[in-house]
Amino acid sequence: MILSTGLLLAQEGAVTGASRTITMVLFLLTIAGTLAITAWANKRTHTATDFHSGGRGFTATQNGFAIAGDYMSAASFLGIAGMIALSGYDGFLYSIGFLVAWLIALLLVAEMLRNSGRFTMGDVLSYRMQQRPVRTAAAVSTLTVSIFYLIAQMVGAGALIALLLGIQGDQTYLGMSGDVAKIMGIVVVGLLMVIYVTFGGMKGTTWVQIVQAAFLMISVAFLVVLTLSIYGFSLPELMTQAANSSQVGDETFLQPGLLYGQEVDSAVQTMWNKLDLISLGMALVLGTAGLPHVLIRFYTVPDSTTARKSVNWGIGLIGVFYLMTLVLGFGAAALVGYETIQDQNPAGNTAAPMLAEAVGANIGGPIFASIMLAVIASVAFATILTTVAGLTIASSSSLAHDFYNSVIRKGKATGAEEVKVARVVTWFVGLVAIVLAVFAQNLNVAFLVSLAFAIAASANLPTLLLSLFWKRFNTAGALAGIYGGLISAVGLVFFSPVVSGSETALIPGADFAWFPMPNPALVSVPLGLLCAVVGTLMSKERDYEKFAMLQVRALTGAGAEKASSH
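Under this note's numbering, the first residue of the sequence shown carries the number 373, and numbering increases by one thereafter.
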């Protein structure tokens, strides 16, 4: 007999004290384990190279697992599962887009970036241009993309905390309502990410990501097997039951158009709906190769060959994981149910942990349900912690290395000074992310991440590729491309239904949304590229000799070791 979570909660009187205790103990053990790794790494972090790039001593396999741990974030685990559970076929578009994006990173970016830079994206962009303005722009872009991505992870953490404490609707625990518990979760993640980066640096962050990726793959695979076993290992049966339990109640759930590209009475609105789907695809496919926390992973290995091999490892792990999200999403729709998922979290961010609880209850009763919830929620929380640590170190490294050392100190800062500034900046980044995440609690984390992807695809990727492949590209083009893409992407998001004009907007009581699409990539990516090209052509600056030197270094690795030892 298959029981839904809603029925189980009614039978068990919601979450009991015993099950809550089991959940919290495993949850705290997860945090203790990651802190232990951070303390171990702290004793082995001595130089700026150790802090920013982990000493460049990781193997391809290790870095591949770290890439997977960094990339398989709250958006991948919580957001996509929730999207599929609530929106069916259209939710799986995120899995496809996130995976396909790695081909661009593999073919165009990984090796050349490792050969050309030292710690950050700014190293590559400024190599053949004026250092101070380009590094400033790179630092601003890195911080902006990272903040958007951080918000998504911390929103997921808040939803997890409320679920772990068993708080639904108007319920309270220790005097805390669900909203207060979510804020507490956001604050806890913010403080932990500051601790990880401040004390562990890239070395600690990488090892936490490696361990987290391994546990994530094992635990999700176990959950997938248990979910399929309930339906006789028949994926069609699971999908049929998911469709029957969905809000539409039929096969529409398994077809495109439920969330994106909807055809409505208005021809104009139908056009915008279809363009929004294209815009989302552009953001997902082009954004990965411009994400700062992904780009810095290529600097943690000894050479470009290892960087390429590590991306291959990452693609393999990420691909398998995204296939499993299909079972997670449909399993949550079938076993938990649309209304139960929305009652806990309107955006569906807790669908995967709720599935674990429902599967456990169906197979082993309330105690096993509590254990399954504890394990999956703890792994999800660890996933969030590793991603926010990666994002934070990308931001702090860029501000310390690109802005403080190269702009303020004009390249005269010592490695120890850089590390000290990076640790101070970490607190600033954490505070900003906490404050903004509090206001974004009702948005799906996968959707929030897609906005970060759109900004990265608009501001970073065009400039990075033009710097590597166009010999006429110059400082004016780089500045115009970064700021043009950044301002257009953030500006269009601000004037979109994401911020105002809808019930789930950041400011639900206001309406100044004149841009009709939630995702700006369709407009902002071409604008970023156009700005970079026009800026270049309007400037007379040329340095073909530096471009030739960059090409030799990027393609062959000649001089890369020298650049890395500075």
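Ideal placement from N, C-alpha and C gives every residue a C-beta, glycine not left out.
As the structure is a prediction and not an experimental result, all values here were calculated from the model.
Extent of the continuous alpha helix (DSSP H) run through residue i
{"i": "D648", "result": "A639 to G659"}
{"i": "Q714", "result": "Y710 to Q716"}
{"i": "R680", "result": "S676 to L707"}
{"i": "L837", "result": "L833 to F841"}
{"i": "V580", "result": "G573 to I602"}
{"i": "L902", "result": "A893 to M910"}
{"i": "L665", "result": "What sits at residue 665 in the sequence shown is His, not Leu. Taken as a continuous stretch (DSSP letters only), the alpha helix (DSSP H) holding H665 covers P664 to L667."}
{"i": "N616", "result": "L607 to S617"}
{"i": "F919", "result": "Y916 to T928"}
{"i": "M493", "result": "M493 to L497"}
{"i": "W886", "result": "Per DSSP, W886 belongs to no alpha helix (DSSP H) and is neither H nor E."}
{"i": "S770", "result": "That residue, S770, is in no alpha helix (DSSP H); it is neither H nor E in DSSP."}
{"i": "L727", "result": "A723 to G736"}
{"i": "L630", "result": "Neither: L630 is in no alpha helix (DSSP H) and is coded neither H nor E."}
{"i": "L471", "result": "F464 to I476"}
{"i": "Q434", "result": "A432 to Y443"}
{"i": "Y855", "result": "T847 to F866"}
{"i": "M455", "result": "I452 to S459"}
{"i": "L485", "result": "A482 to S488"}
Bridge-paired residues (DSSP) for residue i
{"i": "I879", "result": "S872"}
Own chain partners of residue i with C-beta closer than 6 Å, once the 5 adjacent residues on each side are dropped
{"i": "M396", "result": "none"}
{"i": "E384", "result": "In this prediction, E384 scores a pLDDT of 44, lower than 50, which makes its location untrustworthy; the coordinate-derived value is nonetheless stated afterwards. Cβ neighbours of E384 beyond the five flanking positions: P738."}
{"i": "N717", "result": "A531"}
{"i": "A510", "result": "M493, G494, L497 and D774"}
{"i": "G787", "result": "T419 and A420"}
{"i": "G691", "result": "L471"}
{"i": "S937", "result": "Annotation note: pLDDT 41 at S937 (below 50); position unreliable, no value reported."}
{"i": "N721", "result": "L450, G454, G528, A531 and V817"}
{"i": "P834", "result": "G853, G900, L901 and A904"}
{"i": "Q503", "result": "S778"}
{"i": "F693", "result": "M444"}
{"i": "F919", "result": "R500 and K843"}
{"i": "T764", "result": "M565, V569, T798 and V801"}
{"i": "A615", "result": "E623, F625 and L626"}
{"i": "V592", "result": "M696"}
{"i": "L380", "result": "Low confidence applies to L380: its pLDDT is 45, below 50, so where it sits in the model is not reliable enough to give any reading."}
Presumed contact (8 Å Cβ cut-off) between residue i and residue j, rounded CB distance
{"i": "F470", "j": "L656", "result": "6 Å"}
{"i": "F437", "j": "I567", "result": "F437 to I567, Cβ: 22 Å. No contact."}
{"i": "N645", "j": "Q634", "result": "5 Å"}
{"i": "A829", "j": "G659", "result": "4 Å"}
{"i": "A861", "j": "A826", "result": "5 Å"}
{"i": "L820", "j": "I555", "result": "Not really, about 17 Å apart at Cβ, beyond 8 Å."}
{"i": "T514", "j": "S767", "result": "6 Å"}
{"i": "L727", "j": "L700", "result": "6 Å"}
{"i": "M501", "j": "N832", "result": "Contact flag wrong, Cβ pair sits at about 15 Å."}
{"i": "V561", "j": "T410", "result": "Between T410 and V561 the Cβ distance is about 14 Å, and since that is not below 8 Å, they are no contact."}
{"i": "A719", "j": "E729", "result": "Contact doesn't hold; Cβ gap of about 18 Å is too wide."}
{"i": "Y671", "j": "F491", "result": "6 Å"}
Contacts around residue i, its chain only, beta-carbon distance under 7 Å, and the 5 residues preceding and following it disregarded
{"i": "I558", "result": "M526, A529, G530, I806, A809 and V810"}
{"i": "P869", "result": "A877, A885 and P890"}
{"i": "M654", "result": "A829, A893, L894 and V897"}
{"i": "P888", "result": "W644"}
{"i": "F423", "result": "T417, G573, M574, V791 and A794"}
{"i": "V804", "result": "I519"}
{"i": "D883", "result": "S872 and G873"}
{"i": "E483", "result": "S676, A679 and R680"}
{"i": "T755", "result": "M444, S445, A446, F449, Q584 and L588"}
{"i": "A320", "result": "No statement about residue 320 is possible, as the shown extent of the chain runs from 373 to 938 and does not include it."}
{"i": "A785", "result": "Y776 and N777"}
{"i": "M744", "result": "A728, E729, V731 and G732"}
{"i": "I879", "result": "V871 and S872"}
Beta-carbon proximity list for residue i, same chain, < 8 Å, skipping 5 on both sides
{"i": "F399", "result": "L536, A746, A749, S750 and F753"}
{"i": "P608", "result": "none"}
{"i": "L401", "result": "S750"}
Interface flag, residue i vs chain B, CB-CB below 9 Å
{"i": "I590", "result": "Annotation note: the requested chain B is absent from the structure, which comprises a single protein chain."}
Sequence ranges, alpha helix (DSSP H) only - wholly within the region 792-831, length at least 4: 817-831
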